[in-house]
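4 protein chains.
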Amino acid sequence: MEVEIATIGGYEEVGRQMTAVRAGDDVVVFDMGLNLSKVLIHDNVETERMHSLDLIDMGAIPDDRVMSDIEGDVQAIVPTHGHLDHIGAISKLAHRYDAPIVATPFTIELVKQQIQSEEKFGVKNDLIKMDAGETMSIGDSSNVDLEFVNVTHSIIDAINPVVHTPEGAVVYGLDKRMDHTPVIGDPIDMERFREIGREGEGVLCYIEDCTNAGKKGRTPSESVARRHLEDVMTSIEDYDGGIVATTFSSHVARVKSLVEFAREIGRQPVLLGRSMEKYSGTAERLGFVDFLDDVGMYGHRKSVDRTFKRIMNEGKEKYLPVVTGHQGEPRAMLTRMGRGETPYELDQGDKVLFSARVIPEPTNEGQRYQSEQLLRMQGARIYDDIHVSGHLNQEGHYAMLDALQPQHVIPAHQDMKGFAPYVGLCKSEGYQLGRDLHVTSNGNTIQLTE
Amino acid sequence: MEVEIATIGGYEEVGRQMTAVRAGDDVVVFDMGLNLSKVLIHDNVETERMHSLDLIDMGAIPDDRVMSDIEGDVQAIVPTHGHLDHIGAISKLAHRYDAPIVATPFTIELVKQQIQSEEKFGVKNDLIKMDAGETMSIGDSSNVDLEFVNVTHSIIDAINPVVHTPEGAVVYGLDKRMDHTPVIGDPIDMERFREIGREGEGVLCYIEDCTNAGKKGRTPSESVARRHLEDVMTSIEDYDGGIVATTFSSHVARVKSLVEFAREIGRQPVLLGRSMEKYSGTAERLGFVDFLDDVGMYGHRKSVDRTFKRIMNEGKEKYLPVVTGHQGEPRAMLTRMGRGETPYELDQGDKVLFSARVIPEPTNEGQRYQSEQLLRMQGARIYDDIHVSGHLNQEGHYAMLDALQPQHVIPAHQDMKGFAPYVGLCKSEGYQLGRDLHVTSNGNTIQLTE
Amino acid sequence: MEVEIATIGGYEEVGRQMTAVRAGDDVVVFDMGLNLSKVLIHDNVETERMHSLDLIDMGAIPDDRVMSDIEGDVQAIVPTHGHLDHIGAISKLAHRYDAPIVATPFTIELVKQQIQSEEKFGVKNDLIKMDAGETMSIGDSSNVDLEFVNVTHSIIDAINPVVHTPEGAVVYGLDKRMDHTPVIGDPIDMERFREIGREGEGVLCYIEDCTNAGKKGRTPSESVARRHLEDVMTSIEDYDGGIVATTFSSHVARVKSLVEFAREIGRQPVLLGRSMEKYSGTAERLGFVDFLDDVGMYGHRKSVDRTFKRIMNEGKEKYLPVVTGHQGEPRAMLTRMGRGETPYELDQGDKVLFSARVIPEPTNEGQRYQSEQLLRMQGARIYDDIHVSGHLNQEGHYAMLDALQPQHVIPAHQDMKGFAPYVGLCKSEGYQLGRDLHVTSNGNTIQLTE
Amino acid sequence: MEVEIATIGGYEEVGRQMTAVRAGDDVVVFDMGLNLSKVLIHDNVETERMHSLDLIDMGAIPDDRVMSDIEGDVQAIVPTHGHLDHIGAISKLAHRYDAPIVATPFTIELVKQQIQSEEKFGVKNDLIKMDAGETMSIGDSSNVDLEFVNVTHSIIDAINPVVHTPEGAVVYGLDKRMDHTPVIGDPIDMERFREIGREGEGVLCYIEDCTNAGKKGRTPSESVARRHLEDVMTSIEDYDGGIVATTFSSHVARVKSLVEFAREIGRQPVLLGRSMEKYSGTAERLGFVDFLDDVGMYGHRKSVDRTFKRIMNEGKEKYLPVVTGHQGEPRAMLTRMGRGETPYELDQGDKVLFSARVIPEPTNEGQRYQSEQLLRMQGARIYDDIHVSGHLNQEGHYAMLDALQPQHVIPAHQDMKGFAPYVGLCKSEGYQLGRDLHVTSNGNTIQLTE
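Chains as they are written, first to last, in the working numbering: chain A, 4 to 453; chain B, 4 to 453; chain C, 4 to 453; chain D, 4 to 453.
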């Protein structure tokens, strides 16, 4: 059976991920993501109303025109988790394919919300929920299957999809950390990866996320970040002024830790900002967290302001607002607090906890710096870097190669500079460029078997 | 009563710390340290045989000639903890003063060993042990006392000494982290600091360690580093080859964690290298740790080599050698292992754990880089930065100022560039340069009361 | 005679420079500057309409309330050159003092323009032009004089003012480079500095600009930047598309080089943007440059757009637009060109020359990065760092100390971190902190003689 | 005709360059270089006595065993210029091939000296001199020619070799800067490159040096470095103590500038150190420079020391020693001067000029830092970065692609991380990875035509 990989997007950048696997006549698409930075560099762009071709020209969504060269039918669109760089182009591209969207429950919910907010295209694809550990048939041939293997990442309900073919398995390995003690959900299912590496024809191809391939050692477990956060928060237990925290709103496990330690130090947590409400609310409705009844979540400007006023009236020392703005985004809640545009007044000595890392790019760094300056001008004191990455460091990459023993490897989720350390790592394990190690670009296809 | 501070060493560098406090006719000296980098930049310098004047000229030990301008008698020499930059010049300078050396038991032991290895001078000063929480009288006047307050640092049995005078307390705050959950010993005694800030005349002067004054937030507890280390070590529990760890040999709490996690993953810990044996052996003899009978500690070259041979014979997978060389020092054990100069053979995939951070200076960075390169050339894979600092970040400085409310503040343990962020921090708390905030240099005196 | 220095502004930052020298009853004020970054961090602040007290609270202009403690009459306000951090607060503060503003002709013109644009205060102080090399009496006493010594900086007609007192000279050394082959004007007058250091009582006090005190060696001459620029521009002589250059609009010597090399490669230079027109127009009117008749300068939006349209019609290959925007300022001309908001269309391969360096601060770096990204997205290719600094490196500082041999030294034009390398340099020349080397803050006074 | 490229060495590093071009049955080898850092990381390695296989295992010289897969006869070995990373393995590898070494006169001289110092192998290959601009036939077929095109680099007499085949030209583009105003020799022959791009079948393949592919704009001409150096040296014309300079000893144009400006400021230049004598002496004998009779060059330790003694006797102010040690190499002359191991005594205020840039790698940075520290401890003051690179920045790469319009491009002289910016640049010019843009590794072959 012919097996072919089309590397459509996310092979020259982080963002707008999209990869297709053709096994005979059946095609499975992994991810349809958005490169948000290509949108934000322009003033006043509203993606909801834009046509996909304009977004392709901007480099914001994958250029899926290469799909017309793939001889086969798309049988499933499989977003691996709910981050925008993996699902953010579904509302712009999925309607072109007569195929269901298959994902884990939390991811499906986020896809559904995204489709609802789309104003240009009507996306009618079926939405099918499948849990980690489950498998479904692909196409009519009965010899191609899609399996979800549980992985751990900075968002809940993440999986690595596997397409089983008669030629071996194709494992799409994007976006995971090797967490054996996660805060929500099960540990990464390394046992299953090892089985896949050894059963049948083994692994024909592994597509890997190179984000941290240049970083030594092991990405710490989320439980290490949790312990760090606990150390910080209990150290300010006696402070009787304002404490504000920010983190990735999609990082529900981190939000859970913030909520729990807020209670531990006698403060009422409140989640503020549209995306805070969106992700944590969805997680609660689906049963991933149980924030009891009294964790407030407020997304609309008016209810946020009302909450801030209530906090100011009842006493800042009683609350822990968890807000958006960890990268210093100009319009996020925390930046507005720094500008004095909300009813929450910062006083000398108030604490602001960044449970996040600055994404290392000059625009972010400039905005985050400015946000911190504004907060400091109001008297706030900053705690930063209370965080661990969601991506594999080098030792995770070695462990994956060891578990899967793939015949072919394709680096992804970076540009070539980002691929370089992973290529070096693969070479040290015996792979060879141009033979079984494929450095590629957006818009290419790689034929693995004939 | 006249109270005067002489800032003798460590006010233009990290290293060769020395400060004197005169209260009336009585003088207490805090620390007599060594700036090791001023020694190591020269080839083949053996400090044991050198005269103090030559070492002063090299900038290696404090220039204590300013002491002749201080009108009073030295009543005590008080090293605050056992690091070389605080005790390393005692064997060169203490014999000039007719005064006992007063320190905590672990520190006294290290001072004793240092005096024994001295080859140039005979140091006959009395060695007096005093525990954290205890107080002794200074001189005859009956109104000057010396108190030890328990603090937490990257070495055990560290204290901050306080000289109580009728004009208020002088608190020497060097070298601590605000750790409420240390791995060995008691938490920092913040309650006592707050009392000192409020009793009697309060605090006349606070001398502070500015090492991390530019770092935001809070230095994490040693227990956070321990959790990180546990995450790393349990993740390689199944590895059946060599694992080697390195850390500061004086950091007994870290060594304890390494020893315990080694056992947890089924490996026998062995401590190798002269300074490993020295610090951990001393800690065990004094009862700070109980490494059971079977933790081997070997310092001499021959016994180290014999141990390595035994490990190679019995199987690398049974042992965890904890060795010197975390900074890539050219002659340390780990660097020699990288050069293939020991019987321990590294294989492809073996793990080397740096439970330490590179001290950010180009010489260290170059040496550490080279050491890692050598280890990698032999197949080793590096885990780095499994560490937390031993010094206060900004929030710790704010907390100390809040607890002590000192009338005067003197930044120390850095050069002026390092003082700068602490000066800014003090200004934000109302201190003013030249009035109650004293930026000074080696060899100056500051008269606080008349 | 009592001589006292008040360090009013610019001793904790770069920006809002202001220093007063009192000699007996007569006071001379050096500089009244603006810290623009404190303005720009806020949205929509218009300084023209703001009250000085609000600007002081923002940290934007010097807090001159300390002047009420100075017992003497201000006899002259002396801006040293026309940069905003030296003249930008004159329109907010000068009217409080019954004293003329004394400066070189180019600086006076810029001060005049600034006063005219002020909308809140009416500034009526006399404006007195004095050339480098000239001297005037201060006050009635006949023994205090003000002299201007010619220096070289990144703006023309810069001087270092000297107040001659019976106790010695006070030399205000801010903002210069030691340029022996400048592109416009005379070399720095080192001979006169050496004389001042040796005549009469010598130099009582030297106030020094520490901007580059941490940089090794010598700041190159403007003629080195000119040679570099020539190399770049002649290398693209044959390019038949668009070439655009940007530099500091106040840097008239650099603009002159750009204009001359534009002609050399057969292009018509045009200066675009309000501040381009302002500085170069002023320089031309005063005879510092002679841009012939055909160098267009256009400041108003409409005339700029009209010029761009003309360029597009006649052919981009015939012109070299020199525009504002070298730091990526969001509203500057070059950034607008990157956003496609001007009639000038960039094509694949067009060249953009940054004859400037990014001011190393995260906000600038982020904005500049974004501006370059936008330009690149339109096809432009970037040449950067065609520049030399306007401030003394270490060897210049040594040379000044050697020439002046001052009794006292006061570091300025930085915060304490920036003072640190200069303090080290002075120590190596025998100065001592607290004795004759004065590290100070905004709002302090230093009494030099009694 | 089959044309094939073997990328033997220097495709995963800078150093040990080696590439072979097969045209039909004839093979031309470009460069046989040494990766010196792989030698220096080991203590006490003497390459002169080592076998090539050991050096291959160390990664120090190219692994040319892939040559046995190339079906054809090596007709010429062509080192492009005299740097060690291009000629340093000739004495270890060339004797295996029955082919002459063809190079420009200066390069041939350096190859000859290298062969003479070899102690393990006897290298008997013919040495053939060919000048830039000349062409010779390769093999018997009469339709393959080798041409040398003049280029400009940081060593004199550098060329880019071109193999003309019936299928088009193969241009080997390593190691050049686009210098139109070099200090020695002719400007780069861009006219000939443009001709080659347009004549016959055009350019089949271009192999490019990616060293500076991530650097914006244009590498300045050597004449810009010369102007910078002049500015520095004339600024210290009046200094009456010691001035010492260091630069790459192979950089004869820079040495020439140093010699000339030394004279201009009234000092006698002397070149000290074995490699200083070697390169400048060779250049003088071949007529590239005319250092008159009185420029001393001394290589042997004894004559160097004698010279230093003479300088100390006659007065340091009369001489400018130009010495080795610009990277802080531990055994180089300047480092020894810093350690006080030579008769030349540095005094407070003496100047040390680094006409070189630190090669950005932690080992170098550490050693250079240490060397500067030692020099400063003796009173010296450092001038650094008086330098321009010898490699093309981005605009040079664009210009070469524009001139040659090659069908295929192969990035070289870096690892993959270093290739990445060049790959992006080629993509923006329409090349596509895997089609006509070949990212490869050491030991691969690329077949271009069949």
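Ideal Cβ placement from N, Cα and C applies to all residues, glycine included.
{"Query": "Determine whether the Cβ of Pro190 (chain A) lies closer than 8 Å to any Cβ atom of chain B.", "Result": "no"}
{"Query": "Tell me, which residues are paired with Pro456 (chain A) by DSSP?", "Result": "The structure shown does not extend to residue 456 (chain A), since chain A is modelled only from 4 through 453, so no value can be given for it."}
{"Query": "From what residue to what residue does the beta strand (DSSP E) around Thr22 (chain B) run?", "Result": "Met21 to Ala26"}
{"Query": "Could you give the first and the last residue of the continuous alpha helix (DSSP H) run that contains Gly399 (chain D)?", "Result": "Gln397 to Leu407"}
{"Query": "Beta carbons nearer than 7 Å to chain B: which residues of the segment 357-389 of chain D have them?", "Result": "Pro365, Thr366, Glu368, Gly369, Gln370, Tyr372, Gln373, Gln376 and Leu377"}
{"Query": "Look at the alpha carbon of Ala256 (chain A) and the alpha carbon of Phe357 (chain B), and state the distance between them as a whole number of angstroms.", "Result": "29 Å"}
{"Query": "Using the three-state DSSP reduction, which class does Ala423 (chain C) fall into: helix, strand or coil?", "Result": "helix"}
{"Query": "Is the segment 297-311 of chain B touching the segment 237-253 of chain B, taking contact as three or more C-beta pairs under 8 Å?", "Result": "no"}
{"Query": "Which bits of chain A does Ile44 (chain C) rub up against, with CB to CB less than 9 Å?", "Result": "Gln373, Gln376, Leu377 and Met380"}
{"Query": "Could you tell me whether any Cβ in chain C is nearer than 8 Å to the Cβ of His400 (chain D)?", "Result": "no"}
{"Query": "Would you check if the distance between the CB atom of Val6 (chain B) and the CB atom of Arg19 (chain B) is smaller than 8 Å?", "Result": "no"}
{"Query": "Look at the Cβ atom of Arg180 (chain B), then the Cβ atom of Gly399 (chain B), and state whether they are nearer than 8 Å.", "Result": "yes"}
{"Query": "For Asp182 (chain C) versus Glu211 (chain C), is the C-beta distance shorter than 8 Å?", "Result": "no"}
{"Query": "Please report the distance separating the alpha-carbon of Ile385 (chain A) from that of Ala9 (chain C).", "Result": "33 Å"}
{"Query": "Which residues bound the alpha helix (DSSP H) around Gly299 (chain B)?", "Result": "That residue, Gly299 (chain B), is in no alpha helix (DSSP H); its beta strand (DSSP E) goes Gly299 to Tyr301."}
{"Query": "Could you list the residues in the segment 218-229 of chain D with a C-beta less than 7 Å from some C-beta on chain A, going in chain order?", "Result": "none"}
{"Query": "List the residues of chain A that Ala423 (chain D) touches, going by C-beta distances under 7 Å, in chain order.", "Result": "Asp418, Met419, Lys420 and Ala423"}
{"Query": "Thinking Ile93 (chain A) and Ile104 (chain A) are a contact (beta carbons under 8 Å), I'd like their distance in whole angstroms, please.", "Result": "7 Å"}
{"Query": "Residues of chain D with a CB under 8 Å from the CB of Leu404 (chain A): which are they?", "Result": "Correct list: empty, because the minimum Cβ distance to chain D is about 18 Å."}
{"Query": "Got a sec: is the Cβ-Cβ distance from Thr452 (chain C) to anything in chain B below 8 Å?", "Result": "no"}
{"Query": "Given that Thr443 (chain A) touches chain D, what residues does it touch there, using C-beta distances under 8 Å?", "Result": "Leu436 and Gly437"}
{"Query": "Is Val426 (chain D) close to chain A? Criterion is C-beta to C-beta, closer than 8 Å.", "Result": "yes"}
{"Query": "Under 8 Å Cβ-Cβ, which residues of chain C neighbour Val235 (chain D)?", "Result": "Gly220, Arg221 and Pro223"}
{"Query": "Is the CB-CB distance between Val206 (chain D) and Leu275 (chain D) below 8 Å?", "Result": "no"}
{"Query": "Considering Asp212 (chain C), what are the terminal residues of the beta strand (DSSP E) in which it resides?", "Result": "Val206 to Asp212"}
{"Query": "Sorted by chain position, which residues of the same chain lie with C-beta nearer than 6 Å to Gln450 (chain B)'s C-beta, five sequence neighbours on each side aside?", "Result": "Glu7"}
{"Query": "Quick one: is Asp234 (chain A) buried, meaning 16 or more other Cβ sit within 10 Å of its Cβ, or exposed?", "Result": "buried"}
{"Query": "Going by beta-carbon coordinates alone, are Ser260 (chain B) and Val186 (chain B) separated by less than 8 Å?", "Result": "yes"}
{"Query": "What do you reckon, are the CB atoms on Phe264 (chain A) and Leu289 (chain A) nearer than 8 Å?", "Result": "no"}
{"Query": "If we cut at 8 Å on Cβ distances, does Asn396 (chain B) have a partner in chain C?", "Result": "no"}
{"Query": "Is there a C-beta anywhere in chain D that falls below 8 Å from the one on His156 (chain C)?", "Result": "no"}
{"Query": "Do Asp34 (chain D) and Thr83 (chain D) have their beta-carbon atoms positioned less than 8 Å apart in this structure?", "Result": "yes"}
{"Query": "Give the secondary structure of Thr366 (chain C) by DSSP, where H, G and I count as helix, E and B as strand, and everything else as coil.", "Result": "helix"}
{"Query": "In chain B, which residues lie with their C-beta within 8 Å of the C-beta of Ser238 (chain A)?", "Result": "Met181, His183, Arg221 and Glu398"}
{"Query": "Over the uninterrupted beta strand (DSSP E) stretch that includes Arg180 (chain D), give me the two end residues.", "Result": "Neither: Arg180 (chain D) is in no beta strand (DSSP E) and is coded neither H nor E."}
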